[in-house]
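Asks:
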């Protein structure tokens, strides 16, 4: 008969240990919950600190993840790149048709390469007209992105050739909104810019959430002669196995060869290849990293605060730990208990943090500018939830481990005779934590102060126009209205634009009105080449550039732009057969006519010569932080740089109140012209500062939260000091010490902690605020006024945090203190 032996397996051994560990953890958790119920004030303070700190981190990380970290919604997004041309006067910009064709035909690192422009298209139906956001692109555009359509097809390689039937691809959002998601839209002809287009497909909404439709981009007949006309954006899909760095080097070498073989204007040009994700978010990397670093400091302060609370609570539980030690509990067992308590506390804070994050993210997105990329990708999703779990566990271990090690290092057996064994060591650790909190707080305060000072200096910068009582709105005029078969329609100003202005100027509450092709503040192109008659002709391709605008009579007076010399435009200046005239700004006059003799001189714009009839004041075209650029205006007649004209209206009443009557006036002249993007000029300026305002608002909020948390920590340390020395203060007062002596003694100890935190914080601020340099305007990263102001604020708040418990110490009853 076979013998059967039973031997304990390693699985059973470790399983028993694991079960015992789990049982002990659950026992510690139950015990922790009972102790929390006996200390609701402590739990509320800890959960509040943690909830605010973790919640703020989750809010910022959700934006960082959505904008910077989440992959683009295309197949193999790492292979999609943005390609720009580098020129001496521009660090990266659009390209010409000949340059695009050279890259497409000769670059071997791309599987597909496409050019495109963005603008608008007017959708006209029997009942209304609507201006839609449109991309015009070459045939490989959708192949670059690799996203299949929801319905139908996308562009074929030949769709961008001359003579092809006009087609369009709709966005899924437009398909739902205008066509009720009807599949029969395929093959339907719709009127875009007064030209019938056949709908061939519908693309998913995530492809480009801000775009309504896509049209083939057909090169103009003379495109090969337009090497200096840089109007195209370029994207490509890298060939399999080709990296972004390899493509960048290859294209730089190709650009160098093309420049050496081509005209002189291309010899100093190069190219740059960036991943599409990087190109889209480049301007937001710095601000978001700054916010992520700031909110991490807030969380450190919150954790230090909780560690201080736990140390104070552990001091009051000295006898409890001594009894446990006397009954045989080892150091590891006590540490486990304290870590379970801290992790449970951190978990409660995370629950509150979710509520803070939900509200905070909604508030953040409400103030975030429309220019923030990938807004649709920002949300509380799976990766953000994992981040929440990670920082919750890290915080629980972090603020729990330090007190646990400190407590278990005490002489616990002495606790049987003393309520707070080792409290002196705990006090030193608490003081160090408070100093760290105060230092981190000061760094945040200095950063917020620098940004705030720069922002208010920016707000005080004159845009060069009078922004009050000024309404702006865009008129969607089809491109076909500006041209006839013979070229530019010179009759348009008299048949459409002036009648609209006459109708608007006659409205009640309107004091002045004008038109322009591009509004100040919003953006700058700097892509108009010109030469000055009488000056030495520059080499081809090296002509100076300036901002160009097409503006109506009365535009300058409506915006409050001063006329420095000469005259304004008149209606006759845009009439057919009239000689060309131009008005320049002071920046362009300083560039060429420093002697003041600009009037009567001539600029050659393209093939035409225009006489300078006026000089106007400078305006800031690209935002308040950018200096005015050289600029010239020609009489109204076509929308350079956009598919719309901007109507500007000065009012004697609140500008928003005249909008309905303005829309009605435009419809009376031409019911097929949509009015869109209406805003006051003050709103336009505010929107241009959106990114700066967002960073300042968040950093200021984080600094205020850090100040509250750190001063709470200082208040707690001084309060505990007063409580622990109550008997000493009572004896001193019984022996004749005055209240002022006790007050001074307590304030001195508090001031020492605040002073040390101030010194460490100032050193850290001087070192770290250099990282803010790119975000500042008009101030240096070591601006003395900001440092002095923040130091005074810090000192006052710290003094108040120390004075409250010090004042309580002066009210100690000597007899009662000595009895205690």
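Residue numbers (my numbering): -10 to 809. Every residue, glycine too, gets a C-beta built ideally from N, C-alpha and C.
1. Note down the Cα distance separating residue 428 from residue 436, rounded to an integer number of angstroms.
2. Taking only three categories from DSSP, how would you classify residue 492?
3. What is the DSSP secondary structure of residue 711, reduced to helix, strand or coil?
4. Taking the straight line between their C-alpha atoms, what separation do you get for residue 522 and residue 598?
5. Across the region 539 to 549 and the region 487 to 505, are there enough close Cβ pairs to call them in contact, namely three or more that are closer than 8 Å?
6. Out of 444, 487 and 594, which has the shortest C-alpha to C-alpha gap to residue 866?
7. Excluding the five sequence neighbours on either side, which residues of its own chain have a C-beta within less than 8 Å of the C-beta of residue 604, listed in chain order?
8. Identify which residue in 614, 622 and 609 has its Cα closest to the Cα of residue 558.
9. Considering only residues of the same chain and omitting the five flanking positions on each side of residue 236, which have a CB-CB separation below 6 Å?
10. For the structure I just gave you, are there three or more beta carbon pairs, one from the region 680 to 691 and one from the region 774 to 794, closer than 8 Å?
11. Can you tell me the Cβ-Cβ gap for residue 697 and residue 342, rounded? I've got them flagged as a contact below 8 Å.
12. So, residue 743 versus residue 787, is the Cβ gap smaller than 8 Å?
13. Give me whichever residues DSSP pairs with residue 504 in a beta bridge.
14. Kindly give me the distance between the Cβ atoms of residue 798 and residue 706, rounded to whole angstroms, as I take these residues to be in contact under 8 Å.
15. Which runs of the beta strand (DSSP E), 3 residues or longer, sit entirely within the region 573 to 656?
16. State the CB to CB distance for the pair residue 750 and residue 431, rounded to an integer number of angstroms; the pair is presumed to be in contact (CB under 8 Å).
17. Could you check the C-alpha separation between residue 493 and residue 612 for me, to the nearest Å?
18. Report the three-state DSSP secondary structure of residue 512 (helix, strand or coil).
19. If you draw a straight line from the C-alpha of residue 795 to the C-alpha of residue 275, how long is it?
20. Could you give the uninterrupted runs of the beta strand (DSSP E) lying entirely in the region 148 to 223, keeping only those of 3 residues or more?
21. Within the continuous alpha helix (DSSP H) that includes residue 762, where are the two ends?
22. What residues are listed by DSSP as bridge partners for residue 537?
23. Quick check: the Cα distance between residue 289 and residue 722, rounded to an integer number of angstroms?
24. Classify residue 147 as buried or exposed, calling it buried when 16 or more other Cβ atoms lie within 10 Å of its own Cβ.
25. Do residue 462 and residue 470 have their C-beta atoms closer together than 8 Å?
26. Counting pairs of Cβ atoms below 8 Å between the region 204 to 212 and the region 133 to 153, do you hit three or more?
27. Taking the alpha-carbon positions, what's the residue 125 to residue 770 distance?
28. On the DSSP letters alone, give me the boundaries of the beta strand (DSSP E) that residue 100 sits inside.
29. Can you check whether the C-beta of residue 191 is within less than 8 Å of a C-beta belonging to chain C?
30. I need the straight-line Cα distance from residue 580 to residue 76, nearest angstrom please.
31. If we ignore side chains and look at the alpha-carbon of each, how far apart do residue 414 and residue 792 end up?
32. Using only alpha-carbon positions, find the residue among 570, 422, 607 and 340 that is nearest to residue 453.
33. Determine the contact status of residue 40 and residue 293, defining contact as a CB-CB distance below 8 Å.
34. Using three-state DSSP, classify residue 727 as helix, strand or coil.
35. Under the rule that 16 or more other beta-carbon atoms within 10 Å means buried, what is residue 295, buried or exposed?
36. What did DSSP end up calling residue 118 once you bin it into helix, strand or coil?
Replies: This is what the structure holds:
1. 13 Å
2. helix
3. helix
4. 8 Å
5. yes
6. This structure cannot speak to residue 866, because the chain is shown only from -10 to 809.
7. 552, 553, 554, 555, 572, 573, 574, 575, 578, 587 and 588
8. 622
9. Taking residue 236 as the centre and dropping the five residues before and after it, the same chain places the C-beta of 98, 227 and 262 closer than 6 Å to its C-beta, in chain order.
10. By the Cβ test, the region 680 to 691 is not in contact with the region 774 to 794, since fewer than three Cβ pairs between them sit closer than 8 Å.
11. Actually they are not in contact, since the Cβ atoms of residue 697 and residue 342 sit about 17 Å apart, beyond 8 Å.
12. yes
13. 636, per the DSSP bridge assignment.
14. Not a contact, Cβ separation roughly 14 Å.
15. 591 to 594, 597 to 605, 620 to 624 and 633 to 640
16. 3 Å
17. A direct Cα-to-Cα measurement between residue 493 and residue 612 gives close to 28 Å.
18. coil
19. Cα to Cα, residue 795 sits roughly 44 Å from residue 275.
20. Counting only runs of 3 or more, we get 156 to 160, 178 to 181, 184 to 192 and 202 to 205.
21. Looking at the DSSP string, residue 762 is not in any alpha helix (DSSP H), and its letter there is neither H nor E.
22. 621
23. Separation of residue 289 and residue 722 (C-alpha to C-alpha, rounded to the nearest whole angstrom) is 40 Å.
24. exposed
25. no
26. yes
27. 44 Å
28. Residues 99 to 113.
29. Considering every chain present, this structure includes no chain C. It has just one protein chain.
30. 20 Å
31. A caution first: residue 414 carries a pLDDT of 48, below 50, which makes its placement in the model unreliable, though a value can still be read off. The alpha-carbon atoms of residue 414 and residue 792 are separated by roughly 24 Å.
32. 607
33. no
34. Here residue 727 sits in coil by DSSP.
35. buried
36. strand
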